[in-house]
């Protein structure tokens, strides 16, 4: 029976791959015409969306795959070796699936895991999100030669998952709307253009240079690893909340964000660090569980010598959580954490002391496409990275003058829109306060649904799955 089927396949392939164009088309089954019609329609619509009529040259290839088969696409079906035929059938199915997934991830959306607590309690560590790329419009790949299911590193092999060249110009397809205030946004990490491989995303290259010195970081491979450059779309993915839009002036006072002088309503689950002093009573795991405080955040305060203070905790709390603790008879005081003024050197722009901390920051103007800013030696550090790194200009200061592309400059007109991103866990979030503006070409998409959520503090089938978060909206603060 198997031999007969194999013979039938060989004969069918032979017949299909012989004859004139008219004869080939005459032998095509109705179902294949329907399949070709649907695929061709999707392809034409995609070409219109891309705005590139040259892509229509791919239609004859699709016609040959589904209809004429001048190229022997299905020749493997006639192989006499059953094992080889089975292997080829799997390869055929896998390649087809990879192409489909590639286009889905590239132009529609993709899954994303929340790796840190910067957006708690809005999003939790272990949430898996579906990130919608259609809302803001998907980007055409700037690094077209890359493995479709890896961001920048191939697992197991631990090597680059992309080839640096060619690099295409930034182009975004038409979306449903622009980024809005209070959106939760997934984007490529702007300060991730240069990476010390042994540190990865745990600390960015520029902070390492500030702490240790650029020469030390660049010349100490054993400690820091290779120093590499990553293209925009291959940089690590981050997720934060958009609080500042292009052309606005932002300022932070005592943790409250002000836009153009007006306070921005805080997310319902915004968190701050608090010192919680008890009468010596230790907070039990049951209460921590009730409050939703992860094991990583159940910390005692320390004195100046690093010794633990048994009756003093420091932990992130929402207003509701703080009220719950205040009602406990053994809690003596709860006070908001105040940042050390020495933090100013590590806020954006890194290494320039404006006297700003993460709780008291600015005012700072957010660049807007087509808007012009007057450049001075005082404000240059705020926009230097945008002008040089993001918009590709040569910038230097020589004899007290600012030179852009070799010409004296007293102003600059921006080519892109920029955004200000922060986490809801305000005292425990590495965000725009530390690495600055997010350019529009770094925007990936916005989460539309929580697919599933895992709690790493519990075993998988003993509270490890947060069933109450599955298929929930990830941003209830955005109406």
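Numbering (the numbering used here), first residue to last: 366 to 844. Every residue, glycine too, gets a C-beta built ideally from N, C-alpha and C. Note that the coordinates shown come from a computational prediction; the quantities given were computed from them, not determined experimentally.
Which stretch, first to last residue, makes up the beta strand (DSSP E) that contains residue 642?
-> Locating residue 642 in the chain shown gives position 277, counting from the first residue. Residue range 637-643 is occupied by the beta strand (DSSP E) that includes residue 642.
In the DSSP assignment, find the alpha helix (DSSP H) that holds residue 607 and state where it starts and stops.
-> For the purposes of this step, residue 607 is taken as residue 242 along the chain shown, with counting starting at 1. It is not in any alpha helix (DSSP H) - residue 607 instead sits in the beta strand (DSSP E) that spans 602-609.
Would DSSP call residue 736 helix, strand or coil?
-> On the chain shown, residue 736 is found 371 positions in, with the first residue counted as 1. Coil, per DSSP.
Just the C-alpha distance for residue 883 and residue 486, rounded to the nearest angstrom, thanks.
-> This structure cannot settle anything about residue 883, because the visible part of the chain is limited to 366 through 844.
Contact belief for residue 611 with residue 732 at Cβ below 8 angstroms, rounded distance in angstroms = Counting from 1 along the chain shown, the entry for residue 611 is found at position 246. Counting from 1 along the chain shown, the entry for residue 732 is found at position 367. A Cβ-Cβ distance of about 7 angstroms is found for the pair residue 611 and residue 732, placing them in contact under the 8 angstroms criterion.
State yes or no: is the C-beta of residue 679 within less than 9 angstroms of the C-beta of residue 687?
-> Sequence index remark: in the chain shown, residue 679 carries index 314 (1-based). Sequence index remark: in the chain shown, residue 687 carries index 322 (1-based). Not in contact: residue 679 and residue 687 (Cβ atoms no closer than 9 angstroms).
Go through its chain and collect everything with a Cβ distance to residue 366's Cβ below 6 angstroms, but skip five positions before and after it.
-> Locating residue 366 in the chain shown gives position 1, where the first residue counts as 1. A caution first: residue 366 carries a pLDDT of 47, below 50, which makes its placement in the model unreliable, though a value can still be read off. Around residue 366: no qualifying Cβ.
Using 8 angstroms as the threshold, is the stretch 516-525 in touch with the stretch 494-501, meaning 3 or more CB pairs across them?
-> By the Cβ criterion, the stretch 516-525 is not in contact with the stretch 494-501, since fewer than three pairs of Cβ atoms, one from each stretch, lie closer than 8 angstroms.
Do the stretch 787-798 and the stretch 744-762 touch if we need at least three Cβ pairs shorter than 8 angstroms?
-> No contact exists between the stretch 787-798 and the stretch 744-762.
Separation of residue 432 from residue 596, as counted between CA atoms = Your numbering for residue 596 matches position 231 in the chain shown. Your numbering for residue 432 matches position 67 in the chain shown. C-alpha separation (whole angstroms): 40 angstroms.
If you follow the beta strand (DSSP E) that residue 833 is part of, which residue opens it and which one closes it?
-> In the chain shown, residue 833 corresponds to position 468, counting from 1. Neither: residue 833 is in no beta strand (DSSP E) and is coded neither H nor E.
Beta-ladder partner(s) of residue 474, from DSSP | The sequence position of residue 474 within the chain shown is 109, counting from 1. Partner(s): 497.
Residue 510 beta carbon less than 9 angstroms from that of residue 480 = The residue given as residue 480 occupies position 115 in the chain shown. The residue given as residue 510 occupies position 145 in the chain shown. It is not a contact, given that the beta carbons lie outside the stated cut-off.
If residue 627 sits next to residue 550, beta carbons under 8 angstroms apart, how far is it from one beta carbon to the other, in whole angstroms?
-> Residue mapping note: residue 627 aligns to position 262 of the chain shown, counting from 1. Residue mapping note: residue 550 aligns to position 185 of the chain shown, counting from 1. Not a contact, Cβ separation roughly 21 angstroms.
For the stretch 676-757, which segments carrying the beta strand (DSSP E) assignment without a break, of at least 3 residues, lie completely within its bounds, in sequence order?
-> Those beta strand (DSSP E) runs which fall completely within the stretch 676-757 and span 3+ residues are 696-701, 726-730, 737-739.
What residues are listed by DSSP as bridge partners for residue 628?
-> The residue you call residue 628 lines up with position 263 of the chain shown. According to DSSP, residue 628 shares a beta bridge with 623.
Does the stretch 453-466 touch the stretch 780-791, meaning 3 or more C-beta pairs lie closer than 8 angstroms?
-> By the criterion of at least three beta-carbon pairs nearer than 8 angstroms, the stretch 780-791 is not in contact with the stretch 453-466.
Going by the beta-carbon positions, is the gap between residue 712 and residue 637 smaller than 9 angstroms?
-> Within the chain shown, the letter at position 347 stands for residue 712. Within the chain shown, the letter at position 272 stands for residue 637. One thing to note: residue 712 has its Cβ no nearer than 9 angstroms to the Cβ of residue 637.
First and last residue of the uninterrupted beta strand (DSSP E) at residue 428 = Start at 1 with the first residue of the chain shown, and residue 428 comes out as number 63. Judged by DSSP secondary structure, residue 428 falls outside any beta strand (DSSP E) and instead within the alpha helix (DSSP H) spanning 424-428.
From the DSSP output, which residues share a beta bridge with residue 760?
-> Against the chain shown, residue 760 aligns to sequence position 395. Partner(s): 769.
Is the stretch 722-740 close to the stretch 771-778, with three or more CB pairs under 8 angstroms?
-> Yes, the stretch 722-740 touches the stretch 771-778.
Does DSSP put residue 552 in a helix, a strand or coil?
-> For the purposes of this step, residue 552 is taken as the residue at position 187 of the chain shown. Here residue 552 carries a strand assignment [DSSP, helix/strand/coil].
Whether residue 553 touches residue 603 by CB criterion (9 angstroms) = Residue mapping note: residue 553 aligns to position 188 of the chain shown, counting from 1. Residue mapping note: residue 603 aligns to position 238 of the chain shown, counting from 1. Going by C-beta atoms, residue 553 is nearer than 9 angstroms to residue 603.
For the beta strand (DSSP E) holding residue 776, just list the boundary residues, first then last.
-> Residue mapping note: residue 776 aligns to position 411 of the chain shown, counting from 1. That run of the beta strand (DSSP E) goes 776-778.
Write down the C-beta distance between residue 632 and residue 842 rounded to the nearest angstrom, noting that I regard them as a contact closer than 8 angstroms.
-> Reading the chain shown from its first residue, position 267 is the one you call residue 632. Reading the chain shown from its first residue, position 477 is the one you call residue 842. That belief holds up - the Cβ atoms of residue 632 and residue 842 are roughly 4 angstroms apart, short of 8 angstroms.
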